[in-house]
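Reading through the structure tokens given below for one structure.
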Amino acid sequence: MTDASGESLPVAPEEKSADRLAAEPQVLEEFEEEESAIPALPRAVVSDDFNWASTDHAISLHNVSHRFQGKKALDRVSFVVQRGALHGFVGPNGAGKTTSLKLVCTLLQPQSGRVRVFGEDVVDNIRKVRTMIGFMPDHFSTYRQMTVNEYLDFFAAAYGLAPKRRIEVIEQVLTLVDMNHRQNDLISGLSRGMQQRVGLARVLVNDPELLLLDEPASGLDPRARIELMEILRALRGMGKTIFISSHILSELAELCDAVTIIDRGEIRFSGRIGELLAMPQGRNSLRFEFAPGAPEMSERLTSVAGVVAAEKAGEGAGYRVEFDPARIDANQLLIQVASLGVPVVSFSEDRRHLNEAFMDLTTAGVR
Amino acid sequence: MYHGIAALLGRSLRLDARQIAPNLFRLGFVVALYFALLIAQVEAGSFGAPGLRFFQNIAWLNFLVILFSGVTYFSTAITEEKEEATLGLLRMAGISPLGVLLGKSTSRLISALILLAIQIPFTLLAITLGGATLDQILAAYVALGAFIILLANAGLLSSVICARGGTAAALTCFWVGIYFTLPLLAMYVSSEIRSAGGPTPGLATWTVATTDYLAQSSIATELSKIVTSGYGDFSDVIPVDEDGLPLSSWNWAVWQARLNMLATPQVISNVLGGLFLFGISWLLFDRLTRYERPGLVAERNIFMPLKIGKSQRSPVGQAWANPFIWKDFYFIAGGPRWLILRQVLVWIVAFLLHLWFALTNTPRGDLGIFELGQFFGIALGIFIFMIIVEAAIYSSRIFQTELQNQTLSALLMLPRSIGFICYSKGLGCALGLVPTLVSIFLAWLGLVMCAAHPDEMLRDTFEVLTQPGVWGFLTLVVVFVNLVATFSLFLKWGSLPLSFVIMFFGSSCCPVTYVMMAFSGVRNDPFAAFAGIMINIMAMVLISLVFHAVIASRLHVLGSKL
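Protein chains in written order, with numbering that gives the first Met the number 0: chain A, 0 to 366; chain B, 0 to 561.
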């Protein structure tokens, strides 16, 4: 792809090249297939015959309510997290995120409803559940007087690993979190980011299938956050299910397959992130980004057959184009727009940002 | 500056009034007062001068409470601001160092003095009950007031120097140790000089005067004097009128004499010492608190050497099959190397103590007397005392470390039962007691070997071990240890001294004590002695189980909160 001067323009790797699409119309179909490869997730409200105890659900909460000193923390909460998913959990402060996490990780007993991990009830099979999960709380849960190695060795031994196996496992998890070079350091001397890595390594020593992370990126600097996200991606690649509670929505949107939004103890949304970010009420629109210095394009875009409306989006040369799918599909529209003579830098499905969706679904005010 | 002081003072007093812990503490104190009154009432039938007994109980109760407050309450005046990182904000608000010191410490001093003042009417009942005089009561409260001033400022200095409340409390303990040791040393030096025939020409008279004065500066010595019968007899100092009759006790001249008597070396030295410590705190304040000390995470185990600022240390080896035992053995008890070193140090202390006794209790110049048996006897006493102290400290830290490190949730999520984790942790700490137990055994063995009749010694040992009273004492120690561990889950700090105070007074109304007393004289009846021991063991197990149930439930609650 070139700009007006004929020089190559950088293209964001996640965005689909218009040139490539123009040459290979099936790319968009691949793009759609990628999305549908994520297992379908039921919404909070599902049919009565839904199998909540399925082992395909890494986590399932069914009609769970919990109160603290008479105050409602969770109110008939139901959602599932699919096995192998990287599932975000968002909500305002006091929404019930930490309570939900604590119920899943057996630190709290549900007052009503059922909580299951891979089909196992957290009350009936507490020991089994505990071997399957690793929970990283929102604070550094470390023995500061220990060295990194001693700390991990302690937890590995607590999970019943043999001494030889412990050495191997610690080596592996420290490699994963890139802390091998600091294994003999006292934890008290480590930075926040490093302590967070040690915490993550601790969660991994028993090789749990499900990781529960409560605000893992809070208080970390941008580099440490990005590195943490990389580690989480790597873990997901290893087949782990990751349930992550965070306030950093942009990162969740980028990282997660699915998301659950909770507010005032009630589930507002639970499903694929694509569904959440898709424009509501069946609106079909695409977002086009033209090369810098491109002329005003609204009129030209509206002139394309099948385009219902075109409007400028953002400060650059970006346009939101709404079209009638009965008259033109996305591939044809792209080809038509590309033929207008102004270089298209990128195009993408027009979506809401996660923070927009979050603001729409949650109520203002602090609990 | 005055606005700042007033604001801080007002805030501290309001906070103190709102918080539940100080009010519970006051309530506990009132209960103790009533309890002392009850004891006096009960004893009135059997002993003379119940008023004096009541007054003595109250005076010593105050002494203990002040000591406890000094170590905990006063030591956190500045550290609480440091821990919450609000000291910088106070400084930025333009409050001067003197303002902060006065504002933060005065409220605590006022609270303590008020607590002392409001009980005077109750204590005056001692006069009605008989055996105590108004002068005794006044002297006791003046002495205690002076001691509070000293201790409050010692605590203030500690809180200026240290970054955390725990360390400040430990430092105040150290000051208290010096305070009680120094007069004893002075007393010894003074008596040595006197026994050598008074000050030699090379030894200035003021040295003797200073040591004499210093010897009288301890509140313990002063209070012992005050609470004895006959203290404050003014008969020889009360001025007389023209007819040779003593003036009315409310006459100004009498009050003057009274004031002279109240201004004892202890009172003067304690108040001056307090002012001096305040001055030192003021001098050091700016230097030590100008900048925040981020990331200061000390090894808060007083039994292990501090590792502040170190990033590495020699590893302690792989965790054992039961990692909970391993962890607490190494990181609460200190691990084998430090435990052995500690034993060696205590043996040296025992040796030095014996040497001191030998020097002070034998005729002058006869330094060659060193009885090995006496040495082992002293060592045995020290190690028995030490094992109780160790057990108490371990029990105060066994769960505290998990709370401080916020690791409770991680522990509770392990696929092990809470009982397994707790008992394993307890076993780890108990393992830390083994070297002291070995030392006790060695000291006892030495004692037997040095005895003129070892077989009698063995028989005596057996008799001691089969006394229900000894088992009763052991039961009290077990209750104390459990109480400390339980309180450590409810209080941020001070579980150890609070348990001590509770045990000190509570043991007199504890059923275990009655059992112990009931069977203490049954040495000649083997069956009764056996029954006494069994009852004590059962009581020990039952009480422990109750405490363990409370601990387990509290751990669940705390684990879910973290």
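Quick reminder that beta carbons are idealized off the backbone N, C-alpha and C, glycines included. It should be emphasised that the depicted structure is a prediction, and the values quoted were computed from it without experimental measurement.
Next on the checklist: Which residues of the segment 411-435 of chain B have a Cβ closer than 8 Å to any Cβ of chain A? Give them in chain order.
Outcome noted: Result list: 411, 412, 413, 414, 415.
Checklist entry - By a C-beta neighbour count over all protein chains shown, 10 Å radius and 16 as the cutoff for buried, is residue 26 of chain B buried or exposed? => result In the second sequence, counting from the first residue as 1, residue 26 of chain B sits at position 27. By the neighbour-count rule (16 or more Cβ atoms within 10 Å), residue 26 of chain B is not buried but exposed.
Checklist entry - So is residue 136 of chain B buried or exposed if we call it buried at 16+ other beta carbons inside 10 Å? => result On the second sequence, residue 136 of chain B is found 137 positions in, with the first residue counted as 1. So residue 136 of chain B ends up on the buried side.
Next on the checklist: Please confirm whether residue 193 of chain A has its beta-carbon closer than 8 Å to some beta-carbon of chain E.
Outcome noted: The structure shown contains no chain E; the protein chains it does contain are A and B.
Next on the checklist: Closest to residue 283 of chain B by C-alpha separation, out of B:470, B:100, B:23, B:550, would be which residue?
Outcome noted: On the second sequence, residue 283 of chain B is found 284 positions in, with the first residue counted as 1. Selection B:470, B:100, B:23, B:550 evaluated against residue 283 of chain B yields B:100 as nearest (Cα-Cα).
Item to check | Near-chain A residues of the segment 139-172 of chain B (beta-carbon distance less than 8 Å), N- to C-terminal order | outcome: Taking 8 Å as the Cβ-Cβ cut-off against chain A, none of the residues of the segment 139-172 of chain B qualify.
Checklist entry - How long is the line joining the alpha carbons of residue 446 of chain B and residue 329 of chain B, rounded to whole angstroms? => result Along the second sequence, read from residue 1 onward, the residue named residue 446 of chain B stands at position 447. Along the second sequence, read from residue 1 onward, the residue named residue 329 of chain B stands at position 330. Distance between the alpha carbons of residue 446 of chain B and residue 329 of chain B is about 31 Å.
Item to check | Cβ contact (3+ pairs, closer than 8 Å) linking the segment 423-437 of chain B and the segment 394-409 of chain B | outcome: Counting C-beta pairs closer than 8 Å gives three or more between the segment 423-437 of chain B and the segment 394-409 of chain B, which meets the contact rule.
Item to check | Run of the beta strand (DSSP E) containing residue 286 of chain A, from where it starts to where it stops | outcome: The residue labelled residue 286 of chain A in the question sits at position 287 within the first sequence. Where residue 286 of chain A is concerned, the enclosing beta strand (DSSP E) stretches over 284-289.
Item to check | Euclidean distance between Cα positions of residue 406 of chain B and residue 488 of chain B | outcome: Position 407 of the second sequence holds residue 406 of chain B. Position 489 of the second sequence holds residue 488 of chain B. Near 14 Å, if we compare the C-alpha coordinates of residue 488 of chain B and residue 406 of chain B.
Next on the checklist: Tell me which residues share the same chain as residue 207 of chain A and place their Cβ nearer than 8 Å to its Cβ, disregarding the 5 neighbours each side in the sequence.
Outcome noted: As a working note, residue 207 of chain A is residue 208 in the first sequence. Excluding positions up to five away in sequence, the list reads 130, 131, 132, 133, 239.
Checklist entry - Exposed or buried, which one is residue 537 of chain B when buried takes at least 16 other CB atoms within 10 Å? => result On the second sequence, residue 537 of chain B is found 538 positions in, with the first residue counted as 1. Result: exposed.
Item to check | Separation of residue 72 of chain A from residue 257 of chain A, as counted between CA atoms | outcome: Within the first sequence, the letter at position 258 stands for residue 257 of chain A. Within the first sequence, the letter at position 73 stands for residue 72 of chain A. If I take the Cα positions, the gap works out to 23 Å.
Item to check | Rounded straight-line distance, which links the Cα of residue 490 of chain B to that of residue 234 of chain A | outcome: Indexing the first sequence from 1 puts residue 234 of chain A at position 235. Indexing the second sequence from 1 puts residue 490 of chain B at position 491. The straight-line gap separating the alpha-carbon atoms of residue 234 of chain A and residue 490 of chain B is approximately 40 Å.
Checklist entry - Does DSSP put residue 219 of chain A in a helix, a strand or coil? => result For the purposes of this step, residue 219 of chain A is taken as residue 220 along the first sequence, with counting starting at 1. If DSSP states are grouped into helix, strand and coil, residue 219 of chain A belongs with coil.
Item to check | residue 226 of chain A at chain B interface by Cβ criterion, 8 Å | outcome: The residue given as residue 226 of chain A occupies position 227 in the first sequence. Contact of residue 226 of chain A with chain B is not assigned, every C-beta pair being separated by 8 Å or more.
Item to check | Whether residue 91 of chain A touches residue 262 of chain A by CB criterion (8 Å) | outcome: Your numbering for residue 91 of chain A matches position 92 in the first sequence. Your numbering for residue 262 of chain A matches position 263 in the first sequence. Yes.
Checklist entry - Which class does residue 266 of chain A belong to by DSSP, given the choice of helix, strand or coil? => result As a working note, residue 266 of chain A is residue 267 in the first sequence. Reduced to three states, the DSSP call for residue 266 of chain A is strand.
Item to check | chain A contact residues for residue 315 of chain B, given Cβ-Cβ distances below 7 Å | outcome: As a first step, residue 315 of chain B must be located in the second sequence, where it is residue number 316. For residue 315 of chain B, the residues of chain A that pass the 7 Å Cβ criterion are 149, in the order they occur in the chain.
Checklist entry - Where does residue 83 of chain B land, buried or exposed, given buried means 16+ other C-beta within 10 angstroms? => result Indexing the second sequence from 1 puts residue 83 of chain B at position 84. Residue environment: residue 83 of chain B is assigned as exposed (fewer than 16 neighbouring CB atoms within 10 Å of its CB, all protein chains considered).
Next on the checklist: Assuming residue 168 of chain B and residue 70 of chain B are in contact, meaning their beta carbons sit under 8 Å apart, how far apart are those beta carbons, in whole angstroms?
Outcome noted: Counting from one through the second sequence, the residue named residue 168 of chain B turns up at place 169. Counting from one through the second sequence, the residue named residue 70 of chain B turns up at place 71. At roughly 5 Å, the Cβ-Cβ gap stays under 8 Å, so residue 168 of chain B and residue 70 of chain B are in contact.
Next on the checklist: Whole angstroms are fine: how far does the CA of residue 158 of chain B sit from the CA of residue 50 of chain B?
Outcome noted: For the purposes of this step, residue 50 of chain B is identified with residue 51 of the second sequence, where counting begins at 1. For the purposes of this step, residue 158 of chain B is identified with residue 159 of the second sequence, where counting begins at 1. Taking the Cα positions, residue 50 of chain B is about 39 Å away from residue 158 of chain B.
Checklist entry - Which runs of the alpha helix (DSSP H), 4 residues or longer, sit entirely within the segment 9-66 of chain B? => result Counting whole runs of 4 or more residues, the segment 9-66 of chain B contains the alpha helix (DSSP H) stretches 19-42.
Checklist entry - In chain order, what residues of the segment 317-346 of chain B put their CB closer than 9 Å to some CB of chain A? => result Against chain A - using a Cβ distance shorter than 9 Å - the residues of the segment 317-346 of chain B are 317, 318, 319, 320, 321, 322, 323, 325, 326, 329, 330.
Checklist entry - Any idea what DSSP makes of residue 348 of chain A, helix, strand or coil? => result For this step, residue 348 of chain A is matched to residue 349 along the first sequence. It is a strand residue.
Item to check | Rounded straight-line distance, which links the Cα of residue 539 of chain B to that of residue 474 of chain B | outcome: Within the second sequence, the letter at position 475 stands for residue 474 of chain B. Within the second sequence, the letter at position 540 stands for residue 539 of chain B. Approximately 5 Å, taken between the alpha carbons.
Checklist entry - Opposite residue 150 of chain A in the DSSP bridges: which residues? => result To locate residue 150 of chain A, count along the first sequence from 1; it is residue 151. Bridge partners of residue 150 of chain A: none, in fact.
Checklist entry - With 16 as the cutoff for other CB atoms within 10 Å, does residue 453 of chain B come out buried or exposed? => result Taking the first residue of the second sequence as 1, we reach residue 453 of chain B at position 454. By the 16-neighbour rule on beta-carbons within 10 angstroms, residue 453 of chain B is exposed.
Item to check | 6 Å CB neighbourhood of residue 332 of chain A in its chain, flanking five on each side removed | outcome: Against the first sequence, residue 332 of chain A aligns to sequence position 333. 322.
Checklist entry - Taking the continuous beta strand (DSSP E) assigned at residue 317 of chain A, which residues delimit it? => result By one-based count along the first sequence, residue 317 of chain A stands at place 318. Counting along the chain, the beta strand (DSSP E) containing residue 317 of chain A begins and ends at 317-322.
Next on the checklist: Going by C-alpha to C-alpha distance, which of A:268, A:74, A:180, A:199 sits closest to residue 241 of chain A?
Outcome noted: By one-based count along the first sequence, residue 241 of chain A stands at place 242. Among A:268, A:74, A:180, A:199, the Cα nearest to that of residue 241 of chain A is on A:199.
Checklist entry - Counting contacts by CB-CB distance shorter than 8 Å, is residue 312 of chain B in contact with chain A? => result Locating residue 312 of chain B in the second sequence gives position 313, where the first residue counts as 1. So, interface residue.
Next on the checklist: Between residue 138 of chain A and chain B, is any beta-carbon pair separated by less than 8 Å?
Outcome noted: Looking up residue 138 of chain A in the first sequence gives position 139. Judged by the 8 Å Cβ criterion, residue 138 of chain A is in contact with chain B.
Next on the checklist: For residue 274 of chain B, tell me which candidate among B:104, B:482, B:549 has the shortest Cα-Cα distance.
Outcome noted: Taking the second sequence and counting its residues from 1, one reaches residue 274 of chain B at position 275. When C-alpha distances from residue 274 of chain B are compared across B:104, B:482, B:549, the shortest belongs to B:104.
Item to check | Nearest-angstrom Cα separation, counted from residue 7 of chain B out to residue 219 of chain B | outcome: Taking the first residue of the second sequence as position 1, residue 219 of chain B is located at position 220. Taking the first residue of the second sequence as position 1, residue 7 of chain B is located at position 8. Straight-line Cα distance between these residues: approximately 34 Å.
Checklist entry - Counting only runs that start and end within the segment 202-234 of chain B, where is the alpha helix (DSSP H) found for 4 or more residues in a row? => result The qualifying runs are 204-214, 218-225.
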